[in-house]
Structures are given as C-alpha cells and as structure tokens.
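UniProt numbering numbers the first residue of the sequence shown as 1 and each following residue consecutively.
Down below is the structure, laid out as structure tokens.
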Amino acid sequence: PNEELSQSGNHQEKIVSSPSIATSRKSGPYFSSLDSSIDILKKRAQDLIENINESRQKDHALMTNFRDSLKIKVSDLTEKLEERMYQIYNHHNKIIQEKLQEFTQKMAKISHLETELKQVCHSVETVYKDLCIQPEAITAEEEQTHRDGES
1 PNEELSQSGN HQEKIVSSPS IATSRKSGPY FSSLDSSIDI LKKRAQDLIE
51 NINESRQKDH ALMTNFRDSL KIKVSDLTEK LEERMYQIYN HHNKIIQEKL
101 QEFTQKMAKI SHLETELKQV CHSVETVYKD LCIQPEAITA EEEQTHRDGE
151 S
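In structure tokens, the structure reads:
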C-alpha cells in the first residue's frame, strides 16, 4: 500500500491509499478465476484501507472534540479560580482597610497624647523653675525681714 502525508493541525496524518497493481489480463478459465480472485482481494484491500482512513478521521474528530471540550473546561475553571481570587482580594482589602483605619486612629491618639505630654513637661518645667526661683526670693525676703527686725 502507498501512504500519503496529510497536514492536519499541528501533526501529520498518514492516509493509506490503495496499491497500484498492474495485472495483465490473460484469457482462459484459469486466468479468469485468478483475475476474479485478484479483483476480490483488491476490493477487500480497498475496503480495509477505507475503513482505516475512516477510523483515523473519527479518531481525529474525537481528539478535536476532546481538545475543544478540554479548552472550555479549563477556561471555565480558570474563570472560577480568578473569580475566587478576586473575592479573597476583596476580603483582604476590607481587613486591611479596617486595620489602616485603626492605625490612623491610634496614631491620632498618640499625637494627642504627645501634645498633652509636652504640655505637662512644660508645666513641670515652669513649676520647677518657680521652685528654684522661690527659695532665692524667700531668702531675699527673709533677709529683708531680718534686716527690718534688726533696725
């Protein structure tokens, strides 16, 4: 049998073709019976070749359908996975937003406490300065009172 190559998609497919048998037809009952047998064999071979080619075409169609079906299923699965991924992103975004809001509030509270602490420190500093100056003032007053008492 002769074989031909046929391009189909990304692969090559062998298509079997019938053999070319050159027979010389000789007359006579024996040769007539032989010719009949040869014709029957040729017909059988041709039928087998056609069956093989039909089977290959069915296999090719089956694989094409399988590939297309698989592409659809993979696409659907990818879409569902992507959708789930975005749901998770949205959930995480909400959590992050809440945490950022808490953080901002805590930073504002810290800033307020820092301002209060600075005011307290300033007040303590002022009181301390007043306490340090006051003994000298008292001492000066006492000295004046003491002097007034001596005169």
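Glycine included, each C-beta is placed from N, C-alpha and C at the ideal position.
| Item | Value |
| --- | --- |
| Span separating the alpha-carbon of Ser111 from that of Thr126 | 23 Å |
| Spatial distance of residue 175 from Ile49 (CA atoms) | A query on residue 175 cannot be resolved here, the shown segment of the chain reaching from 1 to 151 and no further. |
| Separation of Gln101 from Ser123, as counted between CA atoms | 33 Å |
| Ile133 classed as buried or exposed, judged by whether at least 16 other C-beta atoms fall within 10 angstroms | exposed |
| Separation of Lys94 from Thr78, as counted between CA atoms | 24 Å |
| Chain-order list of residues whose beta-carbon lies under 7 Å from that of Asp47 (same chain, five-residue window excluded) | none |
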